[in-house]
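Each residue of the sequence shown is one higher than the one before, counting from 299 in the working numbering. One structure below.
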Amino acid sequence: MTRAGFVAVIGAPNAGKSTLVNRLVGTKVSIVTQKVQTTRFPVRGVAMDGESQLVLVDTPGIFKPRRRLDRAMVRAAWGRAEDADTVVHLVDANAQIEVAGGAGTPADRKAVVDVASIVEGLKSASRKSILALNKIDLLRRDNLLALTQSMFDAGVYEEVFMISAADGAGVDDLKHRLAALAPEGPWFYPAEQSADIPARLLAAEITREKVYLRVHEELPYAASVQTTAFEERRDGAARLEQTIYVERDGQRGILLGKNGQTLKWIGEASRKELAELFDRPVHLFLTVKVRETWAEDRDLYQEMGLDFEV
Ligand SMILES: Nc1nc2c(ncn2[C@@H]2O[C@H](COP(=O)(O)OP(=O)(O)OP(=O)(O)O)[C@@H](O)[C@H]2O)c(=O)[nH]1
Ligand SMILES: [Mg+2]
């Protein structure tokens, strides 16, 4: 008898959701950076565990949204949680413990507030979920006991796992448990498929990841990437054209860098990874355009599978 289930991984921004989904799947399906709000739309990865198939749904971080795009992201995350057979609430345990001990960065304190609001959300939706305390490679195990206890007291979790998505500790245990919880039924995808994201969208994501990695300040939130052409050439190579949209002229300058060096680095890093991913030579052509209102562009939301009206 086969099993197949949808597992939504939700959590505050930067908790490590995409890192966890990639690790469970065993390949990169969703981009990862050190910045919050990296993931902008739900991404599906597929993992097999014995006769069980897990469709892992990586979601955007849940936080207090302001802009239209933020609202759409948060809405999408809760929507996927609602639809899933199992919800994993992933928490950056290190941030929680730092703040509880009176330390922590402003980002850690923000994460604590976001986690509290997610617990409230789960409560009001009467949604039982699995708590996964992440980033345990950064802390001592005895520090985790108090955190586990206090989070369990919220009454919204059925079980707890302590993991490191980064080094893989505890991830197999979590995977086996998720596989056992999957409902009986036929698989949704062929066993060898690991991702379900259109190639041009994935290609745009890889370039956006390089933008985030290279340009650290406020610019990432002001940037978006679109693949405008994707051609298979006769010689077996792929030829891609992408546009990076930014909101202001100054941001265009930052992205280009001196003599175009920054953009060149981004293009080269992305091209290399795309060649590996698509297993063929890639020719990548990047253009930077200023479009103050890209985040108000209906088509973009449709492409990302997000609701425009939220
Ligand atoms: N030390 C450590 N770092 C981790 C772990 N898991 C993720 N990270 C790091 O945490 C940062 C955020 O990881 P992501 O996977 O992008 O987090 P996310 O929850 O998907 O973030 P958003 O998409 O912005 O909501 C990255 O720098 C990761 O390398 C972990 O287990 N240990
Ligand atoms: Mg993410």
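Note that the Cβ used here is the ideal one computed from N, Cα and C, for glycine as well. Keep in mind that this is a model prediction, so the values were computed, not measured.
So residue i and residue j are in contact, right, with Cβ under 8 Å, and what is the actual spacing, rounded?
i, j, result
"Ile-504", "Glu-571", "5 Å"
"Gly-359", "Ala-401", "No, Gly-359 and Ala-401 are not in contact; Cβ-Cβ is about 22 Å, not under 8 Å."
"Ser-462", "Thr-325", "So it is not a contact: roughly 19 Å between Cβ atoms."
"Val-355", "Arg-342", "6 Å"
"Ala-374", "Leu-604", "6 Å"
"Pro-340", "Arg-378", "5 Å"
"Val-454", "Val-417", "6 Å"
"Tyr-487", "Val-344", "5 Å"
Return yes when the C-beta of residue i is under 7 Å from any heavy atom of ligand 1, and no when it is not.
i, result
"Gln-332", "yes"
Got a sec, what are the start and stop residues for the beta strand (DSSP E) residue i sits in?
i, result
"Arg-537", "536–544"
"Thr-663", "Past the edges of the chain, shown from 299 to 608, lies residue 663, and the structure says nothing about it."
"Phe-528", "522–530"
"Asp-390", "384–390"
"Ile-428", "427–432"
Between which two residues does the alpha helix (DSSP H) containing residue i stretch?
i, result
"Asp-595", "Premise fails: Asp-595 is in no alpha helix (DSSP H) and is neither H nor E."
"Gln-549", "547–554"
"Phe-583", "Careful: Phe-583 lies outside any alpha helix (DSSP H), inside the beta strand (DSSP E) at 580–588."
"Thr-317", "315–323"
"Val-509", "497–512"
From the DSSP output, in three-state form, read off residue i for me.
i, result
"Val-458", "strand"
"Ser-492", "coil"
"Asp-470", "helix"
"Ile-308", "strand"
"Gln-447", "helix"
"Gly-303", "strand"
"Val-608", "coil"
"Ala-452", "coil"
"Leu-437", "coil"
Please determine whether the Cβ atom of residue i lies at a distance below 7 Å from any heavy atom of ligand 2.
i, result
"Thr-325", "no"
"Asp-412", "no"
"Lys-315", "yes"
"Ser-328", "yes"
"Asp-368", "no"
Count Cβ pairs between the region 361–372 and the region 591–598 that sit closer than 8 Å; are there 3 or more? yes
Three or more C-beta pairs below 8 Å linking the region 474–489 and the region 523–532: no
With a threshold of 8 Å, are at least 3 pairs of Cβ atoms found where one atom belongs to the region 384–395 and the other to the region 426–437? yes
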